[in-house]
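Notes follow once the structure below has been shown.
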Amino acid sequence: MKGKTDNKPRRVSVARKYGKITKAGDIPLLICVVAMACFGCLMIYSASSYTAKVEYGDSLYFVKKQIIGVVLGVAAMVGASFLPYQKLAKFKYPAIGVAAVLLLLVFVPGVGITNYGATRWIGFGGVTIQPSEIAKYAFALFAAAYFAKNHEKVKTVKGVLPVLGVGIAFCILIIVEPNMSITMCVGLLMLGIVFLSGTNLKTFAVILIPFVIAIPVLIILEPYRLQRLSAFLDPWASPKDEGYQLIQSLYALGNGGLFGTGLFNSTQKYRFLPFAESDFILAIMGEELGFLGLTLFFMVCGFIIYRGFKIAKNCTNRFGFLLAAGFTLVYGIQVVINALVVSGTIPPTGLPLPLISSGNTSLIITMASMGVLYNISRGNNADLSGHIMD
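Structure, rendered in structure tokens:
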């Protein structure tokens, strides 16, 4: 009827206003993740074939295990892609509870597995798990859920104490394994999530100062860490002991030059460089693919990090934002620390290169976390492709 006022709110299609938007989610992210995992299998074969043949009589020993990890990782990523991420908030306490139990099981005789003087793994039958890899993501989930529910408390130290308490507890359990590298990852993740939660600079500074002080203290407390620091400052002072691994890593990177020696043509993988298929696989990549190859690799890593933070930025709710940012931080921090260690920029410490290094625990849970990121991106697009009220 003419003159009749319509009191219903007017709706405007975002797809019409901002251009076509689909509900498919961030497909490029998934493509990059799967491609990186497959590339990791190729590099693991190159880096480990000789050692695997000598030690296990099978040049494909490490690759076979990694392929199983990729298959399980893809399954976990697909599952995480379609499980509504909002439901994960309900598992914040079970997640940290399970992670804490697994970290404690490391110290149980007969369950914990010791290699090279460190007890970082647990074994059940023929299955080996590294609990610290799980703990990183469990902490990110807990912190995201807590801050999303208690966002008004983040301005004070008291308000962030529950998150700090869980993070510090995890750091203590991990450092006594000992595992300095994962401890640093959890510590940096804790600082990153607290900062992104919206806390003020005063509160953040109060938290940051003890963290900075703790690093040299932890190094001083363990003689082997002092030895590694000394080797980092002058690896050629102990070329057959603490400085050996770093020297061999630098040889590999130097030998690669600009274009590399070519795929499968590394010399350092012939048992010169320890952990060539795991913590120091980046050095083999540098030797075979050269500076240009590593540049392309880090561009893909940067793309994954960029997509992760973009997903977080576009998320319409606080939990999704913090969860996406937290999972992206875990991946980014680990890539950066591994690169700094292999290049001799920071003291040597064992840390896998995500999606690339040999090791199924890290691979599977990293791929699952990327599935969660994709899930959040699908939620973002579903929200945007609907209608909004003026």
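Under the working numbering, the first residue of the sequence shown is numbered 4, with each subsequent residue one higher. All residues carry an ideal CB built from backbone N, CA and C; glycine is no exception.
- The closest CA to that of S200, considering only Q271, V189, E155, is found on E155.
- Around the beta carbon of F306, a 10 Å sphere encloses fewer than 16 other beta carbons of the protein chains shown; the residue is thus reported as exposed.
- Around the C-beta of T117, fewer than 16 other C-beta atoms lie within 10 Å, and the residue is accordingly described as exposed.
- For the pair T159 and A217, the Cα-to-Cα distance works out to about 21 Å.
- Between the C-alpha atoms of S62 and A50 there is a straight-line separation of about 10 Å.
- About 5 Å separates the beta carbon of L358 from that of A40, a gap short enough to meet the 8 Å contact definition.
- Per DSSP, T331 is one residue of the alpha helix (DSSP H) stretching across 321–345.
- For N203, no alpha helix (DSSP H) encloses it, and the DSSP letter there is neither H nor E.
- By the Cβ-count criterion, R274 is exposed, with fewer than 16 other Cβ atoms from all chains shown falling within 10 Å of its own Cβ.
- The three-state secondary structure of R310, taken from DSSP, is helix.
- With distances taken between CA atoms, A143 lies nearest to V189 out of F262, T298, V57, V189.
- The shortest C-alpha to C-alpha distance from M46 to any of S346, V111, E290 is the one to E290.
- A distance below 8 Å between beta-carbons, with the five flanking residues on each side excluded, links F85 to the following residues of its chain, in chain order: N378.
- For the pair L75 and T122, the Cα-to-Cα distance works out to about 25 Å.
- Y309 and S365 have their alpha carbons spaced roughly 21 Å apart.
- A92 is the residue among A92, V339, V37, I284 whose C-alpha sits nearest the C-alpha of L326.
- Cβ contact annotation for F207 (same chain, cutoff 7 Å, sequence separation greater than five): V197, F198, in chain order.
- With three or more CB-CB distances shorter than 8 Å, the stretch 255–262 counts as touching the stretch 286–305.
- Rounded to the nearest angstrom, the Cβ distance from C44 to V73 is 6 Å, consistent with a contact under 8 Å.
- In this chain, the beta strand (DSSP E) harbouring N118 covers 115–118.
- As far as DSSP is concerned, I71 takes part in no beta bridge.
- Membership of I125 in the beta strand (DSSP E) is indicated by the continuous run 121–127.
- In this structure, the CA atom of I137 is about 7 Å from the CA atom of I368.
- Distance check between C174 and each of K161, L194, G162 places L194 closest, using alpha-carbon atoms only.
- Its chain contains L343 as the residues whose beta carbon lies nearer than 6 Å to that of I349, once the 5 sequence neighbours on both sides are disregarded; these appear in chain order.
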